Each structure stands twice: as structure tokens, then as C-alpha cells.
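Residue 1658 in this note's numbering is what sits at position 199 of the sequence shown, and the numbering runs on without skipping anything.
Beta carbons are placed, not taken as given, at the ideal position from N, Cα and C, and that holds for glycine.
Quick caveat: nothing in here was measured; it's all calculated off a predicted structure.
Let me begin by presenting the structure, written as C-alpha cells, before commenting on it.
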Amino acid sequence: MRYLLIVAASLFLHETAKSQAAASSLNFVEYQKSFPRSGDAWKRKEDTLMKQFQAKNLKWPFKFMYVRSFKYDSKMEVWVKSERSEKYQLFKTYKVCALAGTLGPKRMMGDFQVPEGFYYINEFNPRSNYHLSLGLNYPNASDKILSDSLQPGGDIYIHGSCVTTGCIPVNDDQIEELYVLASLARSQGQDFIPVHIFPIQFNNQKSVDYLAKYLKDFPEYRKMSEELADV
């Protein structure tokens, strides 16, 4: 009997936790709307984004969002899908309006480098000093191995205001759209929104040619290029 009570209690707690998580997720958009800047962004952008989705025959609200950014090409793509089994479809490409540092990964605090690698959004900041911002989980597991062990750096964001010392800046109009899209994905249950940052767009020949010249001074890039050539 005691065992059955323990099992029943465990199931109850599990279901309660699931319900609370679902409620928290569903309320995430309303929570973001309670802040002046993100609330205004929703008022300005929700209808516009819905119409853009309709024009591209994309479902609104979508459930999954994927972001990838190309440093040399100064652009950031947003891909979406409505079901886990579907393929991501490109929704929109945004211009990254400033770049600190050069090509190459971030390795320590104060190097002004934009990270390169696989990350996810781990913070929504409606009170950002740069209008609105979406935090990334830098340093990730790889960075913790390869970067400075004591001061790898941090506080990497996608944000507005078009200024940077190592983040990914867009203009305020664009960060409002990105913030709304990410908030919606989060509210639909996507806890980890992937953000992949590449040095170049590898299917752009101009960018590939530039990287080929750049490889001479960066062994890490040379090794990566050789590995990609075998894929």
C-alpha cells in the first residue's frame, strides 16, 4: 500500500509539474506584453508578422524557430516550422548592422569577438540598454574547453541599437520582430531556440573565397575547412 501511495504521489507531482510548465509557457507572451518595450513591440509587430507568414504560406502561430547568423555576410536567417516532423522553412533574413572583431571564434573576455558555434536563446531582456535583447548561452561546452579557462567572456546577445562590442546587433525595428518571434516560439513550448553562428555562408562563393585567403593565419579554420570538404 505504501508503495502504491508513493507511486500515486509521484505521478501527481509529475502531472502537476507538467501542468505548471504548460501554464508558464502559455503565459510567457502575456508576461512579455506586461513590459513597456516588449509590449509595444507586440502591438506594432504581431499583425504585420501574421500577414508576412500568410504571404509565405507559413502557419501562424508556429511552434519551432531556428536562427542562424553569418558573420562575414552580415546577415541572420529565421527559419520556422509547425510540427517536429516537418522541415524548417526560411521565413526571413535580417541584416546584421555591425560587427566587432574579425572572423574567428571568441576565446576570452575583452577580445571583442562574436562567438562562432552552436548556441540557444537563454534570456529574454525587455529592459535592455539596447532596446530589446535575446541572450545566448555563451560559453557553451566547447567554448569552456577551448576558451580562456578563467575569463572566457560572456553576456552575448542579439540586440537592437546597432552597436556592438562582440554581440549580434540589428536595428530596433528588426529586434522587435525577432523578440516577438522568439517569445511566440517559447510560448508554444520551445524551451531551447537554437542559434548557430557561422564565420561565413558556405554556399556563397564570394564568402568561401574570402575565407580561403583567411585560412592561412588560422589553423582552426583550416582544419574545419578540410573536414567540411569531406562531407
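| field | Through-space distance from residue 1665 to residue 1563, alpha-carbon basis | value | Approximately 18 Å between the Cα atoms of the pair.
| Closest by C-alpha distance to residue 1617, when choosing among 1573, 1550 and 1539 | Distances from the alpha-carbon of residue 1617 to those of 1573, 1550 and 1539 put 1573 closest.
| request: Tell whether a beta-carbon distance below 8 Å holds between residue 1497 and residue 1638. | output: Cβ atoms of residue 1497 and residue 1638: closer than 8 Å.
| query | So what does DSSP say about residue 1654, is it helix, strand or coil? | reply | The three-state secondary structure of residue 1654, taken from DSSP, is strand.
| message | Let me confirm a value: residue 1555 is counted as buried when at least 16 other C-beta atoms fall within 10 Å, else exposed. Which label applies? | response | Within a 10 Å sphere around the beta-carbon of residue 1555 sit 16 or more other beta-carbons, which makes this residue buried.
| task | Assign residue 1645 to buried or exposed, taking buried as 16 or more other Cβ atoms, counted over all protein chains shown, within 10 Å of its Cβ. | result | By the beta-carbon neighbour count (other beta carbons within 10 angstroms, threshold 16), residue 1645 is buried.
| task | Could you please give the first and the last residue of the uninterrupted alpha helix (DSSP H) stretch that includes residue 1488? | result | Run containing residue 1488: 1487-1492, per the alpha helix (DSSP H) assignment.
| Start-end ranges of the alpha helix (DSSP H) lying completely within the region 1591-1623, minimum 4 residues | Within the region 1591-1623, complete alpha helix (DSSP H) segments of at least 4 residues are found at 1600-1605, given in chain order.
| message | Measuring CB atoms only, is the region 1488-1497 touching the region 1586-1605, in the sense that at least three cross pairs come out at less than 8 Å? | response | In this structure the region 1488-1497 touches the region 1586-1605; the number of beta carbon pairs closer than 8 Å is three or more.
| task | Name the residue from 1606, 1502, 1667 and 1641 whose alpha carbon lies nearest to the alpha carbon of residue 1579. | result | With respect to the C-alpha of residue 1579, the residue from 1606, 1502, 1667 and 1641 having the closest C-alpha is 1641.
| Closest to residue 1526 by CA distance: which of 1652, 1674, 1506 and 1627 is it? | Ranking the options by Cα distance to residue 1526, first place goes to 1652.
| said: In the DSSP assignment, the alpha helix (DSSP H) including residue 1507 goes from what residue to what residue? | reply: Taken as a continuous stretch (DSSP letters only), the alpha helix (DSSP H) holding residue 1507 covers 1495-1514.
| Chain-order list of residues whose beta-carbon lies under 7 Å from that of residue 1548 (same chain, five-residue window excluded) | 1517, 1538, 1539 and 1540, listed in sequence order.
| In chain order, which alpha helix (DSSP H) runs of at least 4 residues are fully inside the region 1519-1586? | Whole alpha helix (DSSP H) segments, 4+ residues: zero.
| task | Mind checking who residue 1627 pairs with in its DSSP beta bridge? | result | Answer by DSSP bridge pairing, in chain order: 1617.
| Nearest neighbour of residue 1597, chosen from 1509, 1623, 1566 and 1491 [CA to CA] | Of all alpha-carbon atoms in 1509, 1623, 1566 and 1491, the one lying nearest the alpha-carbon of residue 1597 is that of 1566.
| task | Output yes or no for whether 8 Å exceeds the beta carbon distance between residue 1659 and residue 1674. | result | Taking 8 Å as the Cβ cut-off, residue 1659 and residue 1674 do not qualify as a contacting pair.
| Does the Cβ of residue 1635 have 16 or more other Cβ atoms within 10 Å, making it buried, or fewer, making it exposed? | Buried: at least 16 other Cβ atoms inside 10 Å.
| said: Can you check which of these residues, 1560, 1631, 1622 and 1611, is closest to residue 1591 by C-alpha distance? | reply: For residue 1591, the nearest C-alpha among the options comes from 1631.
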